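Residue numbers (full-length UniProt numbering), protein chains in the order written: chain H, 1 to 159; chain Y, 1 to 159. For glycine and all other residues, C-beta sits at the position ideal for the given N, C-alpha and C. Predicted model only: the values in this text are computed from it and were never measured. Some notes on the structure that comes next.
There are 2 protein chains.
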Amino acid sequence: MSRSGANLALLMLGGFRSLVDAATIELANRGYDDVRPLHDFALRAVAAGADSASELGRRMSVTKQAAARTVATLEERGYVVRTPDPADARRMRIEVSDRGFAVLQEGEGIFDDLRTQWQQRIGPEKLAELESLLTELVGPQPVRFDTPGWLARDLGEST
Amino acid sequence: MSRSGANLALLMLGGFRSLVDAATIELANRGYDDVRPLHDFALRAVAAGADSASELGRRMSVTKQAAARTVATLEERGYVVRTPDPADARRMRIEVSDRGFAVLQEGEGIFDDLRTQWQQRIGPEKLAELESLLTELVGPQPVRFDTPGWLARDLGEST
DNA sequence: CCGATTAGACAACATTGTTGTCCATCACAA
DNA sequence: TTGTGATGGACAACAATGTTGTCTAATCGG
């Protein structure tokens, strides 16, 4: 019947976007209107140990140039700090700033809230089932997102 | 536990990407190496009645300029045909070409095949359950994808 | 017939990505 | 110790999409 494969894909896209868009808007409401999910994810990678642009690029599966630009943006906006690595003059060590940690925490909370909302809509067991199935299908660590463009786009927050 | 809201979002992104990437690659294998999911979706919209650039823009929630460029690309590659509208000299009527229909059909088939693969991995009931839950959460018609950028990106098909 | 709306096109620019190139620095081995 | 190769970072040029703004031509409404 209507359960075409394309529809299944669109369903997942819709789910993802609905969460991410809501999170981005809420983040903007809380004063972080210059972060996109891309930045959030990059920040997470930095916090998780990607302390150089090249390393960040590897973890996010983008070129080091792209990663470097993301880092530059994050630095401009005060979410990370770059300091020369005393042990290796080639490297610039990247660290998440206080503001960076703050936005990460907010992000966590927002996503968790959204998940809770979903839980209330379909029930804890069903949500767990959903997560379990998705995990089985796409693997437990779907962190590998070489996602360009749209994650970073603006949402219609104003107007 | 580890089931954070962010993870849930990533899971869905992973699922979507895994389907779409596979489909894009397979489409390229079958000779349509110049179509991205973006084009496929735009083509669908045209086939569904969006017969002008402006209308396509409205349906895909992008500006008419962006839509016009997509149409131009599709025309260049032979997936749509533009003809002057006899009833309105301002408009160019857009129609899906034979090749366009062909790629749409291939796309359908590929997505269905992928869905079948998933079905084999987790079983028909569970897949149905997954679809049912997603539909409940995001609505039956998640077609509204104002998705920029990355859908249109190149995948690493060669090398 | 005239003003408002609409379709399409063009230009300028923002975002994010890619390749290619270059230089400085480090690691390692001869 | 020194030479060679790998690595980090930066710059430039370009591709793909998107946005706004502006303009012209055609249609529509009164």
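Asked                                                                                              : Found
8 Å contact criterion, which GLU108/Y and ALA6/H should meet: CB distance rounded                  : 7 Å
Local conformation of THR24/H per DSSP, three classes                                              : helix
Nearest-angstrom Cβ-Cβ length linking LEU104/H and LEU11/Y, presumed shorter than 8 Å              : Not really, about 19 Å apart at Cβ, beyond 8 Å.
ASP49/H at chain Y interface by Cβ criterion, 9 Å                                                  : Looking at the sequence provided, one finds Gly at residue 49/H rather than Asp. For GLY49/H, the answer is no, since every Cβ of chain Y falls outside 9 Å of its Cβ.
Pairwise C-alpha distance: LYS126/H and ASP113/Y                                                   : 26 Å
Presumed contact (8 Å Cβ cut-off) between residue 163/H and PRO37/H, rounded CB distance           : In the structure displayed, chain H extends from 1 to 159; residue 163/H sits before or after that span and is not available.
Closest by C-alpha distance to PHE111/Y, when choosing among LEU27/Y, ALA128/Y, SER4/Y and SER54/Y : LEU27/Y
Reduced DSSP category for VAL46/H - H, G, I as helix; E, B as strand; rest coil                    : helix
Bridge-paired residues (DSSP) for VAL81/H                                                          : GLU95/H
Partner residues on chain H for ALA9/Y, Cβ-Cβ distance less than 7 Å                               : PHE16, LEU19, VAL20 and PHE111
Selected residue, minimal CA-CA separation from ARG82/Y, among PHE101/Y, ARG58/Y and ALA53/Y       : ALA53/Y
Residues near GLY100/H in its chain [Cβ-Cβ closer than 7 Å; skip 5 each side]                      : LEU43, TYR79 and VAL80
Pairwise C-alpha distance: ALA89/H and LYS64/H                                                     : 18 Å
ARG69/Y versus ALA22/H - alpha carbon distance                                                     : 29 Å
Cβ of LEU13/H within 9 Å of any chain Y Cβ                                                         : yes
DSSP-derived helix/strand/coil call for GLY15/Y                                                    : helix
Three-way DSSP call (helix, strand, coil) for ASP88/H in this model                                : coil
Cβ-Cβ distance between LEU56/Y and ILE94/Y below 9 Å                                               : yes
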